[in-house]
Amino acid sequence: MTTALILSALLATVPASSYSAAAVPGPQALTTLWEQVHSKELPLPPLVRHSHVEKHLKRLHEKAPDLFQLEVVGHSVEGRALYHVSLGTGARHVLLWSQMHGDEPTATTALIDFLEYIRTHREEPWVSRILSELTLHAVPLLNPDGAERYQRRNAQGIDINRDALALQTPEARTLKALRDRLQPFIGFNLHNQSWRYAVGSTGRPASISLLAAAFDEPRSDNPGRVLAKKVCAVIRDALEPLAPGQVGRYDDSFEVRAFGDNMTRWGTPSVLIETGPWPSRTPDAPLVQLNFVALATALDALASGKAAQADVARYESIPENDSTGLVYLMLKGVGLFGADGKPFTADVGISVTRAVRDTGKGLAIVHVGKVNELGDLRVLGALETVDGGGLFAVPLSGPAAKEGDTLHLAQPKQHAIQMDQPAELMLLKPLEKASTYRIERIIRFER
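The sequence shown runs -22 to -1, 1 to 425 under mature numbering (1 follows the signal peptide of the UniProt record, and there is no 0).
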(Lines of atoms letter the chains of each structure in order from A and count residues from 1; the text may use other names and numbers.)
(Lines give C-alpha, C1' and ligand atoms only; values in the text may rest on other atoms or scores of the structure.)
Protein backbone atom coordinates (compact mmCIF):
# COMPACT_ATOMS: atom_id res chain seq x y z
CA MET A 1 0.00 0.00 0.00
CA THR A 2 1.37 3.44 -0.90
CA THR A 3 2.09 6.13 1.70
CA ALA A 4 -0.82 8.21 0.36
CA LEU A 5 -3.26 5.32 0.71
CA ILE A 6 -1.99 4.51 4.20
CA LEU A 7 -2.42 8.14 5.21
CA SER A 8 -5.94 8.27 3.80
CA ALA A 9 -6.86 5.05 5.60
CA LEU A 10 -5.53 6.30 8.91
CA LEU A 11 -7.41 9.58 8.62
CA ALA A 12 -10.56 7.70 7.78
CA THR A 13 -10.41 5.92 11.13
CA VAL A 14 -11.28 9.13 13.00
CA PRO A 15 -15.02 9.13 13.74
CA ALA A 16 -16.84 12.19 12.43
CA SER A 17 -18.77 12.40 15.70
CA SER A 18 -15.55 13.24 17.52
CA TYR A 19 -15.02 16.49 15.59
CA SER A 20 -17.10 18.62 17.93
CA ALA A 21 -16.97 16.52 21.09
CA ALA A 22 -14.55 17.29 23.90
CA ALA A 23 -13.29 20.52 22.39
CA VAL A 24 -9.75 21.63 23.20
CA PRO A 25 -9.69 24.81 25.32
CA GLY A 26 -9.34 28.06 23.39
CA PRO A 27 -5.98 29.77 22.88
CA GLN A 28 -6.29 32.14 25.83
CA ALA A 29 -7.44 29.34 28.13
CA LEU A 30 -4.46 27.23 27.04
CA THR A 31 -2.02 29.98 28.00
CA THR A 32 -3.55 30.01 31.49
CA LEU A 33 -3.27 26.23 31.67
CA TRP A 34 0.36 26.49 30.59
CA GLU A 35 1.07 28.82 33.51
CA GLN A 36 -0.28 26.14 35.86
CA VAL A 37 2.01 23.37 34.60
CA HIS A 38 5.15 25.22 33.56
CA SER A 39 8.02 24.04 35.73
CA LYS A 40 9.56 26.80 37.84
CA GLU A 41 12.62 24.57 38.19
CA LEU A 42 13.50 25.02 34.53
CA PRO A 43 15.75 28.00 33.76
CA LEU A 44 15.00 30.25 30.81
CA PRO A 45 15.16 28.25 27.55
CA PRO A 46 18.68 29.37 26.49
CA LEU A 47 19.99 28.10 29.82
CA VAL A 48 18.28 24.68 29.66
CA ARG A 49 20.86 21.93 29.40
CA HIS A 50 20.83 18.18 28.92
CA SER A 51 20.81 17.60 32.68
CA HIS A 52 17.57 19.59 33.04
CA VAL A 53 15.83 17.71 30.24
CA GLU A 54 17.03 14.34 31.51
CA LYS A 55 15.81 15.11 35.02
CA HIS A 56 12.34 16.15 33.87
CA LEU A 57 11.88 13.20 31.53
CA LYS A 58 12.90 10.73 34.22
CA ARG A 59 10.55 12.41 36.66
CA LEU A 60 7.66 12.13 34.20
CA HIS A 61 8.36 8.44 33.78
CA GLU A 62 8.65 7.88 37.55
CA LYS A 63 5.38 9.68 38.28
CA ALA A 64 3.42 7.98 35.50
CA PRO A 65 5.21 4.83 34.33
CA ASP A 66 1.97 3.54 32.83
CA LEU A 67 1.75 6.64 30.63
CA PHE A 68 5.32 7.49 29.64
CA GLN A 69 7.80 5.12 28.07
CA LEU A 70 11.35 6.47 28.20
CA GLU A 71 14.08 5.12 25.97
CA VAL A 72 17.67 6.08 25.20
CA VAL A 73 17.78 5.80 21.41
CA GLY A 74 21.32 7.04 20.88
CA HIS A 75 24.11 9.21 22.16
CA SER A 76 25.60 12.50 21.05
CA VAL A 77 29.20 12.90 19.92
CA GLU A 78 30.21 13.60 23.52
CA GLY A 79 28.18 10.70 24.89
CA ARG A 80 25.05 12.46 26.15
CA ALA A 81 21.93 10.30 26.02
CA LEU A 82 19.35 11.08 23.34
CA TYR A 83 15.97 10.45 24.92
CA HIS A 84 12.82 9.27 23.19
CA VAL A 85 9.65 9.58 25.24
CA SER A 86 6.45 7.95 23.97
CA LEU A 87 2.87 7.97 25.19
CA GLY A 88 -0.57 7.03 23.90
CA THR A 89 -2.09 3.93 22.40
CA GLY A 90 -3.38 5.17 19.05
CA ALA A 91 -2.63 3.51 15.73
CA ARG A 92 -1.35 6.77 14.25
CA HIS A 93 2.17 7.70 15.31
CA VAL A 94 3.38 11.30 15.57
CA LEU A 95 7.07 12.26 15.89
CA LEU A 96 8.15 15.56 17.44
CA TRP A 97 11.79 16.62 17.66
CA SER A 98 13.30 19.81 19.04
CA GLN A 99 16.62 21.61 19.28
CA MET A 100 18.54 19.88 16.53
CA HIS A 101 20.23 23.30 16.58
CA GLY A 102 21.67 23.77 20.05
CA ASP A 103 20.88 27.48 20.22
CA GLU A 104 17.20 27.04 19.31
CA PRO A 105 15.68 26.01 22.65
CA THR A 106 12.16 27.43 22.99
CA ALA A 107 10.19 24.36 21.90
CA THR A 108 12.19 22.04 24.17
CA THR A 109 10.68 23.76 27.19
CA ALA A 110 7.25 23.83 25.54
CA LEU A 111 7.42 20.08 24.88
CA ILE A 112 8.32 19.34 28.50
CA ASP A 113 5.46 21.55 29.66
CA PHE A 114 3.03 19.84 27.29
CA LEU A 115 4.04 16.40 28.52
CA GLU A 116 3.50 17.57 32.09
CA TYR A 117 0.07 18.87 31.13
CA ILE A 118 -0.86 15.50 29.69
CA ARG A 119 0.33 13.79 32.88
CA THR A 120 -1.74 16.01 35.16
CA HIS A 121 -4.81 16.30 32.90
CA ARG A 122 -4.95 12.87 31.26
CA GLU A 123 -8.60 12.39 32.24
CA GLU A 124 -9.78 15.47 30.38
CA PRO A 125 -11.78 14.30 27.34
CA TRP A 126 -9.65 16.08 24.74
CA VAL A 127 -6.42 14.82 26.29
CA SER A 128 -7.84 11.32 26.58
CA ARG A 129 -8.78 11.48 22.90
CA ILE A 130 -5.22 12.39 21.92
CA LEU A 131 -3.91 9.44 23.92
CA SER A 132 -6.40 7.00 22.43
CA GLU A 133 -6.21 8.18 18.82
CA LEU A 134 -2.48 8.91 18.59
CA THR A 135 0.82 7.60 19.86
CA LEU A 136 3.17 10.51 20.49
CA HIS A 137 6.93 10.22 20.22
CA ALA A 138 9.16 13.11 21.28
CA VAL A 139 12.88 13.77 21.20
CA PRO A 140 12.96 17.01 23.20
CA LEU A 141 16.71 17.66 22.80
CA LEU A 142 18.40 16.23 19.74
CA ASN A 143 21.64 18.25 19.97
CA PRO A 144 22.65 18.27 23.65
CA ASP A 145 26.31 19.02 22.89
CA GLY A 146 25.31 22.12 20.95
CA ALA A 147 22.91 23.13 23.72
CA GLU A 148 25.74 22.86 26.25
CA ARG A 149 27.65 25.49 24.26
CA TYR A 150 24.54 27.35 23.08
CA GLN A 151 25.68 26.90 19.48
CA ARG A 152 23.88 25.83 16.32
CA ARG A 153 26.10 22.92 15.33
CA ASN A 154 26.98 19.70 17.10
CA ALA A 155 30.34 18.85 18.67
CA GLN A 156 31.70 17.83 15.25
CA GLY A 157 30.89 21.27 13.91
CA ILE A 158 28.16 19.85 11.64
CA ASP A 159 24.68 21.28 11.19
CA ILE A 160 22.51 18.26 12.02
CA ASN A 161 19.68 19.67 9.94
CA ARG A 162 21.90 19.44 6.86
CA ASP A 163 22.90 15.85 7.57
CA ALA A 164 19.73 13.96 6.63
CA LEU A 165 21.42 12.25 3.67
CA ALA A 166 25.11 12.01 4.58
CA LEU A 167 24.28 10.88 8.16
CA GLN A 168 27.74 11.68 9.47
CA THR A 169 26.47 12.76 12.89
CA PRO A 170 25.25 10.28 15.52
CA GLU A 171 22.34 12.60 16.24
CA ALA A 172 21.15 12.51 12.63
CA ARG A 173 21.53 8.75 12.46
CA THR A 174 19.47 8.43 15.64
CA LEU A 175 16.63 10.58 14.31
CA LYS A 176 16.59 8.77 10.96
CA ALA A 177 16.57 5.35 12.61
CA LEU A 178 13.74 6.38 14.93
CA ARG A 179 11.64 7.61 12.02
CA ASP A 180 12.27 4.44 10.06
CA ARG A 181 11.27 2.29 13.03
CA LEU A 182 8.12 4.23 13.93
CA GLN A 183 6.89 5.20 10.45
CA PRO A 184 5.01 8.24 11.88
CA PHE A 185 2.26 9.63 9.71
CA ILE A 186 3.27 13.21 10.56
CA GLY A 187 6.20 14.98 12.21
CA PHE A 188 6.82 18.28 14.00
CA ASN A 189 10.22 19.89 13.40
CA LEU A 190 10.72 22.53 16.12
CA HIS A 191 13.20 25.40 15.72
CA ASN A 192 14.02 29.04 16.46
CA GLN A 193 14.75 31.67 13.83
CA SER A 194 16.66 34.95 13.80
CA TRP A 195 15.18 38.02 15.44
CA ARG A 196 15.43 39.79 12.08
CA TYR A 197 12.45 37.90 10.63
CA ALA A 198 9.35 39.97 9.90
CA VAL A 199 5.94 38.91 8.60
CA GLY A 200 6.04 39.80 4.92
CA SER A 201 6.39 43.55 4.42
CA THR A 202 4.31 44.43 7.48
CA GLY A 203 7.25 45.22 9.75
CA ARG A 204 5.64 42.99 12.38
CA PRO A 205 7.87 40.42 14.11
CA ALA A 206 7.51 36.85 12.86
CA SER A 207 7.04 35.41 16.35
CA ILE A 208 6.02 32.07 14.85
CA SER A 209 6.68 30.95 11.29
CA LEU A 210 5.04 27.82 9.87
CA LEU A 211 5.98 25.55 7.00
CA ALA A 212 4.64 22.39 5.42
CA ALA A 213 8.00 21.14 4.19
CA ALA A 214 8.40 20.38 0.49
CA PHE A 215 9.61 16.99 -0.71
CA ASP A 216 10.81 17.93 -4.20
CA GLU A 217 12.13 20.91 -6.18
CA PRO A 218 8.74 21.79 -7.77
CA ARG A 219 7.22 21.88 -4.27
CA SER A 220 4.54 19.41 -5.27
CA ASP A 221 1.60 18.42 -3.14
CA ASN A 222 0.60 14.93 -2.08
CA PRO A 223 -1.87 13.87 0.63
CA GLY A 224 0.81 14.07 3.29
CA ARG A 225 1.95 17.57 2.47
CA VAL A 226 -1.66 18.73 2.16
CA LEU A 227 -2.27 17.39 5.67
CA ALA A 228 0.80 19.28 6.94
CA LYS A 229 -0.58 22.46 5.36
CA LYS A 230 -3.91 21.90 7.07
CA VAL A 231 -2.18 21.43 10.42
CA CYS A 232 -0.34 24.71 9.85
CA ALA A 233 -3.70 26.34 9.13
CA VAL A 234 -5.04 25.06 12.45
CA ILE A 235 -1.99 26.43 14.26
CA ARG A 236 -2.35 29.79 12.53
CA ASP A 237 -5.95 30.15 13.65
CA ALA A 238 -4.98 29.24 17.22
CA LEU A 239 -2.04 31.63 17.47
CA GLU A 240 -3.29 34.75 15.73
CA PRO A 241 -5.57 35.76 18.65
CA LEU A 242 -2.48 35.63 20.89
CA ALA A 243 -0.05 37.23 18.44
CA PRO A 244 -2.06 39.27 15.91
CA GLY A 245 -0.13 39.81 12.69
CA GLN A 246 2.87 37.90 14.04
CA VAL A 247 2.47 34.54 12.28
CA GLY A 248 4.50 34.10 9.10
CA ARG A 249 5.05 31.38 6.52
CA TYR A 250 8.58 30.09 6.17
CA ASP A 251 10.22 29.86 2.75
CA ASP A 252 9.28 26.46 1.30
CA SER A 253 12.18 26.09 -1.12
CA PHE A 254 13.29 22.46 -1.22
CA GLU A 255 16.53 21.82 0.69
CA VAL A 256 17.82 18.43 -0.41
CA ARG A 257 19.93 17.91 2.75
CA ALA A 258 17.40 19.00 5.38
CA PHE A 259 15.46 16.71 7.69
CA GLY A 260 12.04 18.30 7.30
CA ASP A 261 12.15 18.01 3.53
CA ASN A 262 13.45 14.45 3.62
CA MET A 263 11.03 13.38 6.33
CA THR A 264 8.23 14.45 3.99
CA ARG A 265 9.88 12.60 1.12
CA TRP A 266 10.28 9.47 3.27
CA GLY A 267 6.57 9.46 4.12
CA THR A 268 6.44 11.57 7.31
CA PRO A 269 5.06 14.96 6.22
CA SER A 270 6.63 17.57 8.42
CA VAL A 271 5.27 20.70 10.08
CA LEU A 272 8.04 23.18 10.78
CA ILE A 273 7.48 25.60 13.66
CA GLU A 274 10.07 28.38 13.84
CA THR A 275 10.00 30.59 16.94
CA GLY A 276 11.18 34.13 16.31
CA PRO A 277 11.21 37.58 17.93
CA TRP A 278 8.73 38.89 20.47
CA PRO A 279 8.24 42.61 21.22
CA SER A 280 9.36 42.47 24.85
CA ARG A 281 12.60 42.61 26.81
CA THR A 282 11.49 39.31 28.39
CA PRO A 283 10.35 37.23 25.41
CA ASP A 284 10.75 33.67 26.66
CA ALA A 285 7.47 33.06 28.48
CA PRO A 286 5.16 34.31 25.70
CA LEU A 287 7.11 32.38 23.06
CA VAL A 288 7.00 29.14 25.07
CA GLN A 289 3.27 29.74 25.51
CA LEU A 290 2.78 30.08 21.76
CA ASN A 291 4.56 26.77 21.19
CA PHE A 292 2.49 25.08 23.90
CA VAL A 293 -0.74 26.34 22.33
CA ALA A 294 0.45 25.30 18.86
CA LEU A 295 1.27 21.75 19.97
CA ALA A 296 -1.91 21.27 22.00
CA THR A 297 -4.14 22.59 19.24
CA ALA A 298 -2.41 20.72 16.42
CA LEU A 299 -2.38 17.36 18.20
CA ASP A 300 -6.02 17.76 19.21
CA ALA A 301 -6.90 18.54 15.59
CA LEU A 302 -5.09 15.41 14.40
CA ALA A 303 -6.81 13.26 17.03
CA SER A 304 -10.29 14.67 16.49
CA GLY A 305 -10.22 14.88 12.69
CA LYS A 306 -10.37 18.68 12.65
CA ALA A 307 -7.05 18.82 10.85
CA ALA A 308 -8.42 16.86 7.88
CA GLN A 309 -11.27 19.38 7.64
CA ALA A 310 -9.09 22.50 7.82
CA ASP A 311 -8.88 24.97 4.95
CA VAL A 312 -5.54 24.78 3.10
CA ALA A 313 -6.07 28.38 1.97
CA ARG A 314 -5.60 29.49 5.57
CA TYR A 315 -2.04 28.19 5.29
CA GLU A 316 -1.31 29.42 1.80
CA SER A 317 -2.50 32.95 2.63
CA ILE A 318 -0.03 33.35 5.51
CA PRO A 319 2.43 36.09 4.47
CA GLU A 320 5.88 34.70 3.75
CA ASN A 321 8.39 35.96 6.26
CA ASP A 322 11.28 38.29 5.45
CA SER A 323 14.65 37.36 6.93
CA THR A 324 15.90 40.97 6.95
CA GLY A 325 12.66 42.87 7.52
CA LEU A 326 13.09 43.62 11.22
CA VAL A 327 15.62 45.21 13.53
CA TYR A 328 15.64 45.04 17.29
CA LEU A 329 15.99 48.79 17.87
CA MET A 330 15.53 51.61 15.37
CA LEU A 331 16.65 55.19 15.92
CA LYS A 332 14.31 57.09 13.62
CA GLY A 333 15.39 60.32 11.96
CA VAL A 334 18.43 60.86 14.14
CA GLY A 335 21.31 63.23 13.43
CA LEU A 336 24.64 61.62 12.52
CA PHE A 337 28.11 62.88 11.70
CA GLY A 338 29.75 61.75 8.49
CA ALA A 339 33.40 60.86 8.02
CA ASP A 340 33.85 64.44 6.82
CA GLY A 341 32.36 65.80 10.03
CA LYS A 342 29.25 67.13 8.32
CA PRO A 343 25.89 66.30 9.94
CA PHE A 344 23.12 64.43 8.14
CA THR A 345 19.85 62.74 9.11
CA ALA A 346 19.20 59.00 8.82
CA ASP A 347 17.70 56.00 10.57
CA VAL A 348 19.92 53.61 12.51
CA GLY A 349 19.00 49.93 12.82
CA ILE A 350 20.47 47.76 15.57
CA SER A 351 20.24 43.98 15.40
CA VAL A 352 20.52 41.78 18.47
CA THR A 353 21.37 38.15 19.01
CA ARG A 354 21.36 36.22 22.25
CA ALA A 355 24.40 34.55 23.75
CA VAL A 356 25.06 32.58 26.91
CA ARG A 357 28.14 33.53 28.91
CA ASP A 358 29.73 32.41 32.12
CA THR A 359 29.75 35.37 34.49
CA GLY A 360 31.82 33.59 37.12
CA LYS A 361 28.65 33.19 39.18
CA GLY A 362 26.91 30.97 36.67
CA LEU A 363 25.53 31.14 33.16
CA ALA A 364 23.69 34.26 32.04
CA ILE A 365 21.84 35.33 28.89
CA VAL A 366 23.26 38.44 27.23
CA HIS A 367 22.06 40.48 24.27
CA VAL A 368 24.77 41.16 21.71
CA GLY A 369 24.02 44.15 19.50
CA LYS A 370 25.55 45.78 16.46
CA VAL A 371 24.67 48.52 14.01
CA ASN A 372 23.67 46.75 10.82
CA GLU A 373 21.42 49.24 9.01
CA LEU A 374 21.94 52.94 8.19
CA GLY A 375 19.93 55.27 5.97
CA ASP A 376 16.27 55.37 5.01
CA LEU A 377 14.84 52.37 6.86
CA ARG A 378 11.15 53.08 6.38
CA VAL A 379 10.57 49.61 4.90
CA LEU A 380 11.84 47.87 8.05
CA GLY A 381 10.03 47.09 11.26
CA ALA A 382 11.50 47.24 14.74
CA LEU A 383 10.75 45.73 18.12
CA GLU A 384 11.42 49.17 19.58
CA THR A 385 11.53 52.53 17.80
CA VAL A 386 13.06 55.69 19.25
CA ASP A 387 12.15 59.07 17.80
CA GLY A 388 15.52 60.66 17.10
CA GLY A 389 14.19 64.05 16.04
CA GLY A 390 16.40 66.81 17.42
CA LEU A 391 18.99 64.33 18.68
CA PHE A 392 22.38 63.12 17.48
CA ALA A 393 23.66 59.57 17.74
CA VAL A 394 27.36 58.99 18.38
CA PRO A 395 29.46 56.09 19.69
CA LEU A 396 29.60 55.76 23.47
CA SER A 397 32.44 57.88 24.79
CA GLY A 398 33.43 55.50 27.58
CA PRO A 399 32.14 53.34 30.43
CA ALA A 400 31.85 56.33 32.79
CA ALA A 401 29.43 58.24 30.56
CA LYS A 402 25.94 58.62 32.00
CA GLU A 403 22.67 60.26 31.08
CA GLY A 404 22.59 63.95 31.94
CA ASP A 405 26.32 64.49 31.38
CA THR A 406 27.41 67.24 29.01
CA LEU A 407 30.25 66.88 26.56
CA HIS A 408 32.02 68.85 23.89
CA LEU A 409 32.51 67.41 20.40
CA ALA A 410 35.39 69.42 19.01
CA GLN A 411 35.91 67.14 16.00
CA PRO A 412 32.57 65.62 14.94
CA LYS A 413 34.13 63.40 12.26
CA GLN A 414 35.69 61.35 15.04
CA HIS A 415 32.18 60.51 16.25
CA ALA A 416 30.78 58.91 13.11
CA ILE A 417 28.79 55.69 13.47
CA GLN A 418 30.00 52.84 11.28
CA MET A 419 28.21 49.79 9.98
CA ASP A 420 28.73 46.61 12.03
CA GLN A 421 30.16 48.46 15.01
CA PRO A 422 29.05 47.36 18.50
CA ALA A 423 25.76 48.89 19.55
CA GLU A 424 27.20 51.13 22.25
CA LEU A 425 25.78 54.55 21.48
CA MET A 426 24.71 57.84 23.01
CA LEU A 427 21.80 60.03 22.00
CA LEU A 428 22.79 63.67 22.41
CA LYS A 429 20.73 66.86 22.59
CA PRO A 430 22.51 69.97 21.26
CA LEU A 431 22.86 72.79 23.77
CA GLU A 432 23.11 76.53 23.07
CA LYS A 433 26.86 76.58 23.40
CA ALA A 434 28.48 75.49 20.12
CA SER A 435 29.53 71.84 19.88
CA THR A 436 28.15 71.12 23.36
CA TYR A 437 25.63 68.35 23.98
CA ARG A 438 23.77 66.66 26.82
CA ILE A 439 23.50 62.86 26.96
CA GLU A 440 19.79 62.04 26.76
CA ARG A 441 20.05 58.27 26.49
CA ILE A 442 22.74 55.62 26.52
CA ILE A 443 22.22 52.51 24.40
CA ARG A 444 24.46 49.67 25.43
CA PHE A 445 24.37 46.04 24.34
CA GLU A 446 27.01 43.39 24.88
CA ARG A 447 29.81 42.92 22.39
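Note that beta-carbon positions come from the ideal geometry of N, C-alpha and C, so glycine has one too.
| With a cut-off of 8 Å, do at least 3 Cβ pairs link the region 277 to 291 to the region 193 to 211? | yes
| query | Do E233 and R140 come within 9 Å of each other at the CB atom, strictly closer than that value? | reply | yes
| Just checking, does the region 366 to 373 make contact with the region 403 to 421 on the three C-beta pairs under 8 Å criterion? | yes
| message | Taking the straight line between their C-alpha atoms, what separation do you get for F237 and I138? | response | 8 Å
| Do you know how far the Cα of A191 is from the Cα of A291? | 16 Å
| field | A184 vs L304 beta-carbon contact at 9 Å | value | yes
| request: Please check the pair R227 and L273, which I expect to be a contact at CB under 8 Å, by giving their CB distance rounded to whole angstroms. | output: Not confirmed; about 19 Å, so no contact.
| query | So, helix, strand or coil for Q287, using DSSP? | reply | helix
| request: Spatial neighbours of G353 within its chain, please: CB distance less than 6 Å, with the 5 preceding and 5 following residues excluded, ordered by chain position. | output: A324
| L277 and V72: beta carbons closer than 9 Å? | yes
| Would you say the region 80 to 96 touches the region 252 to 272, given that touching needs at least three Cβ pairs under 8 Å? | yes
| message | Tell me the rounded alpha-carbon separation between R70 and L38. | response | 23 Å
| task | Might you give, ordered along the chain, the residues of its own chain that have their beta carbon closer than 7 Å to the beta carbon of K310, omitting 5 neighbours on each side? | result | D325, T363, V364, D365, G366
| What is the rounded straight-line gap between the Cα of E424 and the Cα of G327? | 16 Å
| message | Given a cut-off of 9 Å on the beta-carbon distance, is the pair H28 and R58 in contact? | response | yes
| request: Quickly, what does DSSP pair Q134 with across the bridge? List them, please. | output: Bridge partners of Q134: none, in fact.
| task | Buried or exposed for G340, please, with buried defined as at least 16 other CB atoms from any protein chain shown within 10 angstroms of its CB. | result | exposed
| said: Tell me which residues share the same chain as I123 and place their Cβ nearer than 8 Å to its Cβ, disregarding the 5 neighbours each side in the sequence. | reply: As written in the sequence, residue 123 is Asp, which differs from the Ile given in the question. Around D123: S54, V55, E56, R58, G80, N132, A133.
| query | Around the C-beta of P196, are 16 or more other C-beta atoms found within 10 angstroms, so that it is buried, or is it exposed? | reply | exposed
| Is D354 helix, strand or coil when you go by DSSP? | coil
| Does the beta-carbon of E252 have 16 or more other beta-carbons within 10 angstroms, so that it is buried, or is it exposed? | buried
| query | How would you label V357, buried or exposed, when you count the other beta carbons within 10 angstroms and need 16 or more for buried? | reply | exposed
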